[in-house]
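Scroll down for the structure; my scribbles are underneath it.
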Amino acid sequence: MIDAIDVERYLRFDRSNWAELRAQTPLTLHEKDLEALRGINDRIDLEEVVAIYLPLTRLLNLYVSATQNLHRVAATFLGTISPKMPYVIGIAGSVAVGKSTSARILQALLTRWPEHPRVELITTDGFLYPNA
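Just so you know, the working numbering puts the end of the sequence shown at 139, numbered straight through with nothing missing.
Structure representation (structure tokens):
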């Protein structure tokens with residue numbers, strides 16, 4: 008069941024409801040692919056990918072496609088050329104919680120969507136400027 012929280016600012020899903028949002032999104036990873044993406048001590052399996060990551064990549068695909076379309080429509084309206092712009096997804100969390108593994112899995116899945124042939128991973132080490 009989906010519950011609206013705090014004046015519908017947030018939605019809460021249980022695992023089975025979230026998994027249903029996958030709809031017909033195909034599983035494009037195999038166990039061998041997942042082994043290569045899995046980090047040390049990560050216990051993620053294909054069932055987890057199907058239940059959690061496929062609905063997430065479907066939602067991300069909707070956001071990316073809508074953003075790309077917005078840029079095209081705005082450029083047409085303004086009579087300009089719409090430059091290619093990156094869509095940045097940030098992953099935050101404590102040390103050793105699986106951020107890198109999640110990022111690699113998302114990259115592998117999103118790369119397989121027809122509209123997203125190029126998906127890059129950038130660590131904060133490579134993204135932030137040093138203070139010195």
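Using N, Cα and C, we set each Cβ at its ideal position, and we do this for glycine too.
Keep in mind it's a predicted model, so treat the numbers as computed, not measured.
According to the neighbour-count rule (16 or more other Cβ atoms, all chains shown, within 10 Å of its Cβ), is residue i buried or exposed?
i, result
"VAL95", "exposed"
"PRO70", "The sequence given here has Tyr at residue 70, not Pro. By the neighbour-count rule (16 or more Cβ atoms within 10 Å), TYR70 is not buried but exposed."
"PRO62", "buried"
"SER101", "exposed"
"ALA103", "exposed"
So, for residue i: in the same chain, excluding its five sequence neighbours on each side, which residues have a beta-carbon less than 7 Å away from its beta-carbon?
i, result
"ARG119", "THR35"
"MET92", "HIS78"
"ARG22", "ALA58"
"ILE98", "LYS106, SER109 and ALA110"
"VAL126", "GLN114, LEU117 and THR118"
Less than 8 Å between C-beta atoms, sequence neighbours within five positions excluded: which residues of the same chain meet that for residue i?
i, result
"GLU122", "ASN68, VAL71, SER72 and GLN75"
"LEU116", "THR35, LEU36, VAL56, TYR60, LEU61 and THR64"
Residues in its own chain within less than 6 Å of residue i by CB, not counting five upstream and five downstream?
i, result
"LYS39", "none"
"LEU128", "ALA110 and GLN114"
Checklist entry - Hey, is the region 77-90 in contact with the region 25-34, meaning 3+ C-beta pairs nearer than 8 Å? => result no
Checklist entry - Can we say the region 99-117 touches the region 43-50, given the rule of at least three CB pairs closer than 8 Å? => result yes
Checklist entry - Which full runs of the alpha helix (DSSP H) of 4+ residues lie inside the region 45-104, going along the chain? => result 61-85
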